[in-house]
Amino acid sequence: MEPVRWSPPPAPRRAGRSSGSSSGDVLRRVELPGHGPEDVVFGADGSVYTGTADGAVLRVDIVTGAVDSVANTGGRPLGLHAGPDGSLLVCDAHRGLLRWSGPGGSIEVLVDRIDGEPLNFASNVVQDPDNGMIYFTASSRRWPFEQWMGDLLEHSGTGRLLRLSPDGAVDVLLDGLQFANGVAFTPNREALVFAETGAYRLSRYWLRGPKAGTQEALIDNLPGFPDNIALGSDGLIWVALASPRNPLLDALLPRPGVLRRMVWQLPERLKPAPKRTAWVVGVDLEGSIMHDLQTDGTAYAMVTGVAEQAGTLVLGSLDESALAITVVPGIAPTEIN
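Start counting at 1 in the sequence shown, then tack on 26, and there's your number in this note's numbering.
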């Protein structure tokens, strides 16, 4: 471990409260034949797709609870993107950026090395249907997925935002990110919004217009750790907050690195750990939080993925063996086609 000092902004009061400004219906679990559905997406067929720790890619009918295993990456699938043709892009923590061609199809490796270096910890992905450009994040060059806490504790900032062109060229758009994680388009696809888990921040990277190629903070000093994000059918950016801010971690980050090295050597039960909660927020393009939904984590916890469609919210988790379903407050969910 090579700790880098950082003085985080004081955690907002919201970081210490156990419920949000509004709440949805009680979470309904949809059990899975695997553990750790880290991300969730609505597919072109109306089903929800997710990946589990055993490498399986699952198709889930959230109405009936039916689950089918449609593929296996042979690694650890994380972030997903569903194409209009029924295909899926898969960020695999061990194998890189993959593509599943759809029912009956195979898994293809799109990117597993960048500048001769193995692609480590691919995290989340989106594709522009107009030009075929694929944008994806990699959380860390130094830490593997299984030791994700080491990256947050070290705070060395080796995350990246990357672009894969249709001709196979890979470009590093941004480097030095603090645990780059979820990525989503704005509704007009003029910009990307991406999460930096280790900086408690969502940023916007402009793809077109006078600001093209530049980044700016969309919302800073979040009360929790942002994970995967998704553009909802309501035009909001939905953000999974895996855990509230950790006071011990915030206290350690500005102090001499030897303290974090000592903490890293402690037994797991004594290290900073996520607090059990289920938490998502809906953010508009001005950086205002429009929905703040949180429960105490009794029935479901460590939400790392979220997808919204027609007023229905589907949640994924690194720790659970189920998806969770709820609704956006004040919106009557319509039938998902």
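Cβ coordinates follow ideal geometry from the N, Cα and C atoms, glycine included. As the structure is a prediction and not an experimental result, all values here were calculated from the model.
DSSP-derived helix/strand/coil call for Gln173: Residue state, collapsed to three classes: helix.
Do Glu346 and Gly62 have their C-beta atoms closer together than 9 Å? Result yes, Cβ atoms of Glu346 and Gly62 sit closer than 9 Å.
When you compare each of Leu123, Arg168, Ser182 to Ile160 by their alpha carbons, which one comes out closest? Distances from the CA of Ile160 to each of Leu123, Arg168, Ser182 were compared; the closest alpha carbon is that of Leu123.
Excluding the 5 residues preceding and the 5 following Tyr231 in the sequence, name in chain order all residues of the same chain whose CB lies nearer than 7 Å to its CB. So the list reads Leu187, Leu199, Leu200, Ala217, Leu218, Phe220, Gln241, once near-sequence residues are dropped.
Between the C-alpha atoms of Leu311 and Asn254, what's the straight-line distance to the nearest angstrom? Answer to the nearest angstrom: the Cα atoms are 17 Å apart.
Decide yes or no for the touch test of the stretch 294-303 against the stretch 334-341: beta carbon pairs closer than 8 Å, at least 3 of them. At 8 Å Cβ cutoff, the stretches do not touch.
Unbroken stretches of the alpha helix (DSSP H), 4 residues or longer, contained in the stretch 148-196: Segments of the alpha helix (DSSP H) lying fully in the stretch 148-196: 174-180.
How would you write the range of the beta strand (DSSP E) that Arg85 sits in, first residue to last? Start and end: 82-86.
With a 10 Å radius around its C-beta and 16 neighbouring C-beta atoms as the bar for buried, classify Thr303 as buried or exposed. Thr303 counts as buried, since at least 16 other C-beta atoms from the protein chains shown sit within 10 angstroms of its C-beta.
Name, in chain order, the residues that DSSP records as bridge partners for Val137. Its beta-bridge partners are Leu123.
When you compare the CB positions of Ala119 and Phe162, do they come within less than 9 Å of one another, or not? For Ala119 and Phe162, no; Cβs fall outside 9 Å.
How many Å lie between Arg281 and Ser33 at the Cα? Distance from the CA atom of Arg281 to the CA atom of Ser33, rounded to whole angstroms, is 9 Å.
Pick from Arg271, Ala238, Gly239 that is closest to Asn247, judged by C-alpha positions: Comparing C-alpha distances from Asn247 to each of Arg271, Ala238, Gly239 shows the shortest one belongs to Arg271.
Are there 16 or more other CB atoms within 10 angstroms of the CB of Ser113, so buried, or fewer, so exposed? Counting other Cβ atoms within 10 Å of its Cβ, Ser113 reaches 16 or more and is therefore classed as buried.
Secondary structure, beta strand (DSSP E): runs of 3+ residues fully inside the stretch 54-100: DSSP runs (the beta strand (DSSP E)) wholly in the stretch 54-100: 54-57, 66-68, 74-77, 82-86, 93-98.
Could one say the Cβ of Ser347 lies closer than 9 Å to chain C's Cβ atoms, at least one of them? You won't find chain C in this structure, because it holds only one protein chain.
Where does Pro236 fall in DSSP's three states? DSSP, read as helix, strand or coil, puts Pro236 in coil.
Relative to the C-alpha of Ala92, which residue among Ile263, Leu349, Val354 is closest? Comparing alpha-carbon positions, the option among Ile263, Leu349, Val354 lying closest to Ala92 turns out to be Leu349.
I need the straight-line Cα distance from Leu285 to Pro273, nearest angstrom please. CA-CA distance, Leu285 to Pro273, rounds to 15 Å.
Could you pull the start and end residues of the beta strand (DSSP E) that Leu104 belongs to? 103-108 is the span of the beta strand (DSSP E), which, as asked, contains Leu104.
Residue nearest to Gly261 in terms of C-alpha spacing, selected from Leu104, Val289, Ala97, Pro213: Nearest of Leu104, Val289, Ala97, Pro213 to Gly261, Cα basis: Pro213.
Residues in its own chain within less than 7 Å of Phe171 by CB, not counting five upstream and five downstream? Excluding sequence neighbours, Phe171 sits near Arg102, Ala119, Phe147.
The ligand FAD and Ala299: does the residue's C-beta get closer than 8 Å to at least one heavy atom of that ligand? In the structure shown, the ligand FAD is absent, as is every other ligand, since no ligand is present at all.
Measuring CA to CA, which of Trp264, Ala97, Val52 is closest to Ser324? The question names Ser, but residue 324 is Thr in the sequence shown. Checked all of Trp264, Ala97, Val52; the closest Cα to Thr324 is Val52.
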